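Here's the structure we're looking at; comments come further down.
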Amino acid sequence: NAGVMQNPRHLVRRRGQEARLRCSPMKGHSHVYWYRQLPEEGLKFMVYLQKENIIDESGMPKERFSAEFPKEGPSILRIQQVVRGDSAAYFCASSPGKGTGSPLHFGNGTRLTVT
Amino acid sequence: QQQVKQSPQSLIVQKGGISIINCAYENTAFDYFPWYQQFPGKGPALLIAIRPDVSEKKEGRFTISFNKSAKQFSLHIMDSQPGDSATYFCAASRRGGSNYKLTFGKGTLLTVNP
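Protein chains in written order, with the working numbering: chain A, 514 to 628; chain B, 2 to 115.
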């Protein structure tokens with residue numbers, strides 16, 4: 514019974530390149546969430562998706578960041594033209610439903626380093 | 002504006018001692034208060050959670066105490082063990098279906114010495 518799978522675990526990009534982070538939710542979970550953890554900070558909500566729909570993107574930066582959760586395949590968080598300030602750990606979480614009866618299960622994250 | 006303030010930033014406890022981590026929140030719309038445990042290189046894992054209709058919740062060696070009037074809640078780890086050494090995050094979310102939008106504290110690095 515695999516948990517939330519994220520890859521790659523570590524990603525190094527030069528300034529101006531694109532970063533693609535992938536997340537496969539737990540089996541049976543149809544709700545996916547992305548959080549970002551900056552050094553010495555707690556996690557901050559970015560976006561909430563269900564299959565083929567963005568439900569809440571209120572935490573996403575307005576530019577360069579996008580997310581999708583297609584009908585088939587993993588959820589993708591895409592960062593275009595990365596800058597040094599994008600260096601962080603990006604965590605994906607999933608849940609079977611919405612509501613406090615469905616706690617979030619986090620993956621082990623992708624550590625993005627922008628050089 | 003930091004909506005959930007967590008203290009201390011780091012904590013060192015001897016094996017068998019009690020670890021206490023405190024959090025304070027500002028938004029009175031918050032009604033779900035989980036604690037997460039994170040080991041190096043891993044994602045946060047839900048440890049225990051509380052709703053404001055109770056003042057205390059206990060699960061094994063872990064207890065949440067909740068003070069609604071003071072807008073504070075705390076995690077107590079009894080009989081702390083070296084395996085408890087990790088970073089602990091408190092969090093809060095609002096009612097109205099947006100419980101997925103957790104607001105996290107900055108974390109407490111707990112070290113339990115053998």
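Glycine residues also receive a C-beta, built at the ideal position from the N, C-alpha and C atoms. Remember, it's a predicted structure, so these values are computed and weren't measured experimentally.
For residue 38 of chain B, does the count of other Cβ atoms within 10 angstroms reach 16, so buried, or fall short, so exposed?
-> buried
What does residue 555 of chain A touch in chain B if you count any residue whose Cβ is under 7 Å from its own?
-> 90, 105, 106, 107 and 108
Amino acids of chain B, ordered along the chain, whose beta-carbon sits closer than 8 Å to that of residue 562 of chain A | None at all; the shortest Cβ gap to chain B is about 11 Å.
Assuming residue 607 of chain A contacts residue 539 of chain A under a Cβ cut-off of 8 Å, what Cβ separation, rounded to an integer in Å, is found between them?
-> Contact holds; Cβ gap of about 5 Å.
Quick one: give me the first and last residue of the beta strand (DSSP E) that residue 35 of chain B is part of.
-> 31-39
In the DSSP assignment, find the unbroken beta strand (DSSP E) run with residue 66 of chain B in it and report its ends.
-> Unbroken beta strand (DSSP E) run through residue 66 of chain B: 63-68.
Output the boundary residues of the beta strand (DSSP E) element that contains residue 569 of chain A.
-> 566-569
Given residue 581 of chain A, which residues of its chain have a CB within under 6 Å of its CB, disregarding the five upstream and five downstream residues?
-> 589
List, in order along the chain, the chain A residues whose C-beta lies closer than 9 Å to that of residue 46 of chain B?
-> 618 and 619
Within the 8 Å Cβ cut-off, does residue 18 of chain B reach chain A?
-> no
Stretch pair the region 89-96 of chain B + the region 20-27 of chain B: three plus CB contacts closer than 8 Å | Under the 8 Å Cβ criterion, the region 89-96 of chain B counts as touching the region 20-27 of chain B, having at least three qualifying pairs.
Could you check what DSSP says for residue 522 of chain A in three-state terms: helix, strand or coil?
-> coil
Contact list for residue 102 of chain B against chain A, beta-carbon separation under 8 Å | 558, 561, 569, 571 and 572
What span of residues does the beta strand (DSSP E) with residue 623 of chain A cover, start to end?
-> Taken as a continuous stretch (DSSP letters only), the beta strand (DSSP E) holding residue 623 of chain A covers 623-627.
Hey, how far is the Cα of residue 563 of chain A from the Cα of residue 544 of chain A?
-> Between residue 563 of chain A and residue 544 of chain A, the C-alpha separation is close to 5 Å.
Going along chain B in order, which residues have a C-beta closer than 8 Å to the C-beta of residue 546 of chain A?
-> For a Cβ distance threshold of 8 Å, residue set 101 of chain B lies close to residue 546 of chain A, ordered along the chain.
Does residue 43 of chain B have its Cβ less than 8 Å from a Cβ in chain A?
-> Yes, residue 43 of chain B lies at the interface with chain A (some Cβ there is under 8 Å from its Cβ).
With residue 616 of chain A and residue 541 of chain A assumed to form a contact (beta carbons below 8 Å), what rounded beta-carbon distance in angstroms separates them?
-> 14 Å between Cβ atoms; not a contact.
Under 8 Å between C-beta atoms of residue 62 of chain B and residue 78 of chain B = yes
Three-state secondary structure assigned by DSSP to residue 535 of chain A = strand
Relative to the alpha-carbon of residue 518 of chain A, which residue among A:628, A:598 and A:535 has its alpha-carbon at the smallest distance?
-> A:535
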